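S.K.: Per this note's numbering, residue 6 is the first one in the sequence shown, and the count goes up by one each step.
In this text, a Cβ means the ideal position worked out from N, Cα and C, and glycines have one as well.
Since the structure is predicted, the reported quantities are computational estimates derived from the model, not experimental observations.
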Amino acid sequence: MEYAPMSGLGRSGVSIGTLFKIAAIAALAIAGGQFLLDVLIDLLRHSELRFDEVDRIVGLLIGVVSTTAIVAGAYWIVQDGTQEAVVAQAAAAVYVAEIVEAFLRSAYFDWAEVEVWLFLTSLSTVLYFLTFVLAYRMAFEDRDVRDWDLSAITN
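Below you can see the structure in the form of structure tokens.
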């Protein structure tokens, strides 16, 4: 059964590459805003800047990877609807971005090892993303939570 995306939005013809670029710019704006907020809080608390700002901005910039995937995935869902194949691809992109982000953090912040727990804890962001998808399906497509065609994903 084919479900249309949110009415009134239509298809914009935006490519996935353009989508990720726009989402990355949005994520960078969020990271920059968070950094400025952190600097302001430091100034208010200590009346000076602390020199751990480099680690803070690098941490925020690394966080742009998963934020980009989440924003792009949400936009993708809104544009193309919640067909199972689209949801699976968007969730996979979010998961891969979380893994890449964790490896970047471990490389920059010199964590001793990357262990199996990394792959499991990265699933939590995918679960949050799927919660968004479920809410979207129920609110805008009038679909039941259990209304999934898993064979569409395996094909």
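1. If you scan the region 52-99 from start to end, which runs of the alpha helix (DSSP H) of 4 or more residues do you find wholly inside it?
2. So which of S156, I30, D147 has the shortest CA-CA distance to V69?
3. Under the three-state reduction of DSSP, which class applies to G156: helix, strand or coil?
4. For the structure I just gave you, are there three or more beta carbon pairs, one from the region 93-104 and one from the region 41-51, closer than 8 Å?
5. Under the rule that 16 or more other beta-carbon atoms within 10 Å means buried, what is G22, buried or exposed?
6. Is the beta carbon of A28 closer than 8 Å to that of Y80?
M.R.: If we stick to the structure as given:
1. 58-85
2. I30
3. Before going on, a small fix: residue 156 reads as Ser here, not Gly. In the structure shown, S156 sits in a helix (DSSP, three-state: H, G or I).
4. no
5. exposed
6. yes
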